[in-house]
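The next block holds one structure in the form of structure tokens; read it before the comments.
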Amino acid sequence: MPEGDRRARFEALYEDLYEPVLAYALRRVGEDLVDDVVAETFLVAWRRLELIPPDPLPWLLATARRAIANQVRSGRRNRHLGERLRSEIAGARETFADPGEQVSDHEQMVGALERLTDEDREVLMLVSWEGLSNERAAGVLRISPEAFGVRLHRARRRLANELANLEGRAPEPQDGGNE
Amino acid sequence: MIHDDLLRRLAAANPVRNERVSGAVRSSGARALLERIVAEPAPVVPATRRPRRRVWVPVAAVLVGAGVFLGVQILPEGGRGASAAARVLLATADVAGQVEAASAEGSYRYLRTEVAETQTLTGEQGVWSALVDLVREVWVAPDGSGRQLQASVHLTFPSPGDRERWEAGGSPALANVVDEEYGPAGLPYFDPSELPTEPEDLEATLRASIRPSAGGADIQVFVQVADLLRLPDASPELRAALFEVAAGLPRVELVGDTTDEAGRTGTAVALRSTDLGAETRTELVFDVETADVLEIRTLILEPVAWTPADPPILFAYRVFLDAGFTDSTDERPA
Numbered sequence: 122m123p124e125g126d127r128r129a130r131f132e133a134l135y136e137d138l139y140e141p142v143l144a145y146a147l148r149r150v151g152e153d154l155v156d157d158v159v160a161e162t163f164l165v166a167w168r169r170l171e172l173i174p175p176d177p178l179p180w181l182l183a184t185a186r187r188a189i190a191n192q193v194r195s196g197r198r199n200r201h202l203g204e205r206l207r208s209e210i211a212g213a214r215e216t217f218a219d220p221g222e223q224v225s226d227h228e229q230m231v232g233a234l235e236r237l238t239d240e241d242r243e244v245l246m247l248v249s250w251e252g253l254s255n256e257r258a259a260g261v262l263r264i265s266p267e268a269f270g271v272r273l274h275r276a277r278r279r280l281a282n283e284l285a286n287l288e289g290r291a292p293e294p295q296d297g298g299n300e
Numbered sequence: 406m407i408h409d410d411l412l413r414r415l416a417a418a419n420p421v422r423n424e425r426v427s428g429a430v431r432s433s434g435a436r437a438l439l440e441r442i443v444a445e446p447a448p449v450v451p452a453t454r455r456p457r458r459r460v461w462v463p464v465a466a467v468l469v470g471a472g473v474f475l476g477v478q479i480l481p482e483g484g485r486g487a488s489a490a491a492r493v494l495l496a497t498a499d500v501a502g503q504v505e506a507a508s509a510e511g512s513y514r515y516l517r518t519e520v521a522e523t524q525t526l527t528g529e530q531g532v533w534s535a536l537v538d539l540v541r542e543v544w545v546a547p548d549g550s551g552r553q554l555q556a557s558v559h560l561t562f563p564s565p566g567d568r569e570r571w572e573a574g575g576s577p578a579l580a581n582v583v584d585e586e587y588g589p590a591g592l593p594y595f596d597p598s599e600l601p602t603e604p605e606d607l608e609a610t611l612r613a614s615i616r617p618s619a620g621g622a623d624i625q626v627f628v629q630v631a632d633l634l635r636l637p638d639a640s641p642e643l644r645a646a647l648f649e650v651a652a653g654l655p656r657v658e659l660v661g662d663t664t665d666e667a668g669r670t671g672t673a674v675a676l677r678s679t680d681l682g683a684e685t686r687t688e689l690v691f692d693v694e695t696a697d698v699l700e701i702r703t704l705i706l707e708p709v710a711w712t713p714a715d716p717p718i719l720f721a722y723r724v725f726l727d728a729g730f731t732d733s734t735d736e737r738p739a
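Protein chains in written order, with my numbering: chain A, 122 to 300; chain B, 406 to 739.
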């Protein structure tokens, strides 16, 4: 690919998807790591531009996911998810029109989320927070949409159970164990 | 649109709404990052990480491989081909590092492989050869117990003359159907988590385990890479390191787009050798999008005495079909 075309293609990609990648990182790591994660993601994209598929967002989020793992593995501690999200929600408390019930619900949801495994949490966040379809979310995890559907089903049930525990309700039924 | 109350409640708890990052791409930080990135020259990956001494041994190797040569684009050895192979392998290493390992829930590791190897026999009718193809399934637990099932035996003759001589010799069976259960230590079991995941350390470990009697060291490392990549419990870090080891092998060349014996499309890289007494090319076929390894195969590239067939001759291959975990030796992964 000629140098000029390559740069133009990358700049278009950057313009379109910088913000979703930034949001993805902000939802998963502390602000001290976000810049490094976003920079590493787009640097890899620049170097591997010819390998990026026609729908680039799942590829970029998969790369961001690996960048987060690299940052954490390299010793840069990620602030605990629950602690960070509670802080985010507390910061937003003043801006909610009806702070009481809504914030409480959000805090319980975050509490339930943080009790899940990393795998379950990621599956749920890709769908609910990144707003991806099952097929695109499966692309982030490099698994088939069918496998993603199974993981989402299980993760959703575990989230419901954790939420029920926090709210003092009975857990959801187990679908007869047929997974 | 989320049609699920629970997921909708979760979405509502999203602490970083999209509105919060709206316009961030126009910030000074984002513009500076873009300029820093595009200032980096377009990547050129070196062909090899460092020169290595080749080790040659005068024994025919048990090479693996062969396969579909139709539609394979052969690039010149060395030069652009070698550099391109390293580039593709390193890019695939990136992908491999992002693909999560299969869930290792189950007592047995299950592998299904189509295996083929050329057998050459001498009888009253003269020398004849056949490619013996079969499907092998193995269930193995960490203690070495398990089951091996071998079926679907099929013969392919490199020339009509080979078939005629086989038939004249009474059409002898060249492989048996096998279905055997094994107790502890009955089957080999290897735990891939024992391997280092730094490429340099990994390559040193692989080279330390090769057998001098089994042919060229680089080819053996190449084959080990394939066998380890197909293990369902190989970690993303190990799989990435394995692709990096292959990228660093001397004279690894890009073959290009190809199709494996199961009809799956992939990309092949190869190493050449003379371990069989003729020039051969052992090809590793993999999917660059998923980092799945599909097949390893060996082609003979020049005429040989034991068959009148014209080269390239498909000598042997292993097609990596299914892999996963099961709770019993009667099950297959979903």
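For each residue, glycine too, the CB sits at the ideal point set by N, CA and C.
Cβ-based burial, residue i [other Cβ within 10 Å; buried from 16]
i: Arg459/B; result: Because Arg459/B carries a pLDDT of 27, less than 50, the predicted location of this residue cannot be relied on, and the following value inherits that uncertainty. By the neighbour-count rule (16 or more Cβ atoms within 10 Å), Arg459/B is not buried but exposed.
i: Val248/A; result: buried
i: Asp732/B; result: exposed
i: Gln524/B; result: exposed
i: Ser534/B; result: buried
i: Ala133/A; result: exposed
i: Glu311/A; result: Past the boundaries of the shown model lies residue 311/A; chain A is included only from 122 to 300, so the question cannot be answered.
i: Pro593/B; result: exposed
i: Ile210/A; result: Any reading at Ile210/A must be qualified, since the residue scores a pLDDT of 46, below 50, and its modelled position is unreliable; the value itself is stated next. So Ile210/A ends up on the buried side.
i: Arg492/B; result: buried
i: Asn419/B; result: buried
i: Val231/A; result: buried
i: Pro708/B; result: exposed
i: Gly472/B; result: Residue placement at Gly472/B is flagged as unreliable, the pLDDT there being 27, under the threshold of 50; the coordinate-derived value follows with that caveat. Buried is the call here.
i: Arg441/B; result: exposed
i: Val582/B; result: exposed
i: Glu649/B; result: buried
Residue range of the alpha helix (DSSP H) that includes residue i
i: Thr741/B; result: Given that chain B is displayed from residue 406 to residue 739, the structure contains no residue 741/B and the question cannot be resolved.
i: Arg128/A; result: 124–147
i: Gly270/A; result: 266–288
i: Ala573/B; result: 565–573
i: Gln404/B; result: Outside the shown range of chain B (406 to 739) lies residue 404/B, about which nothing can therefore be said.
i: Gly151/A; result: First-last for Gly151/A: undefined, no H or E at that position.
i: Gly428/B; result: Element bounds for Gly428/B: n/a, residue is neither H nor E.
i: Asp680/B; result: No alpha helix (DSSP H) contains Asp680/B, which DSSP labels as neither H nor E.
i: Ile627/B; result: According to the sequence as given, residue 627/B is Phe; it is not Ile. Its alpha helix (DSSP H) spans residues 622–634.
i: Gly252/A; result: Gly252/A -> no alpha helix (DSSP H), and no H or E assigned at all.
i: Arg612/B; result: 604–613
i: Leu415/B; result: 410–417
i: Pro641/B; result: 641–653
Listed by chain order, chain A residues near residue i by CB distance under 7 Å
i: Ile718/B; result: None at all; the shortest Cβ gap to chain A is about 33 Å.
i: Leu659/B; result: Within chain A, no residue comes near Leu659/B; the closest Cβ sits about 14 Å away, beyond 7 Å.
i: Gly502/B; result: Arg187
i: Thr695/B; result: Arg263
i: Glu445/B; result: Trp167
Under 9 Å from the C-beta of residue i: neighbouring residues of chain B
i: Asp226/A; result: Arg414, Ala417, Ala418
i: Ala285/A; result: Near Ala285/A there are no residues of chain B at all, since even the closest Cβ is about 11 Å away, more than 9 Å.
Proximal chain B residues relative to residue i, where beta-carbon distance stays under 8 Å
i: Val165/A; result: Asp499
i: Val231/A; result: Ala418, Pro420
Bridge partners - residue i, DSSP secondary structure assignment
i: Tyr513/B; result: Thr731/B
i: Glu585/B; result: Gln553/B
i: Arg723/B; result: Val520/B, Ile701/B
i: Ala675/B; result: Glu658/B, Glu688/B
i: Trp544/B; result: Tyr515/B, Arg552/B
i: Val537/B; result: Glu522/B, Leu560/B
i: Ile718/B; result: Ile705/B
i: Thr670/B; result: Thr664/B
Own chain partners of residue i with C-beta closer than 6 Å, once the 5 adjacent residues on each side are dropped
i: Val543/B; result: Leu516, Gln553
i: Arg290/A; result: none
i: Arg677/B; result: Arg686
i: Gly574/B; result: Gly528, Gln530
i: Thr561/B; result: Leu536
i: Ser614/B; result: none
Residues that residue i contacts on chain A, provided the C-beta gap is smaller than 9 Å
i: Glu505/B; result: Glu240, Leu262, Arg263, Ile264
i: Val698/B; result: The premise fails here: Val698/B is roughly 14 Å from chain A at the closest Cβ pair, so nothing lies under 9 Å.
Extent of the continuous beta strand (DSSP E) to which residue i belongs
i: Phe691/B; result: 685–691
Contacts around residue i, its chain only, beta-carbon distance under 7 Å, and the 5 residues preceding and following it disregarded
i: Leu726/B; result: Arg517, Thr518, Glu519, Ala667
i: Val165/A; result: Thr184
i: Asp697/B; result: Phe691
i: Tyr145/A; result: Leu182, Ala185, Glu251
Spatial neighbours of residue i in its chain, beta-carbon cut-off 8 Å, leaving aside the 5 residues before and after
i: Ser640/B; result: Ala506, Pro597, Ser598, Thr602
i: Pro141/A; result: Leu178, Leu181, Leu182, Glu251
Closer than 7 Å at the beta carbon, the chain B residues around residue i
i: Arg77/A; result: Nothing about residue 77/A can be reported from this structure: the residues present for chain A run from 122 to 300 only.
Residue i: contacting residues in chain A (beta-carbon distance under 8 Å)
i: Val674/B; result: Chain A residues near Val674/B: none, gap ~15 Å exceeds 8 Å.
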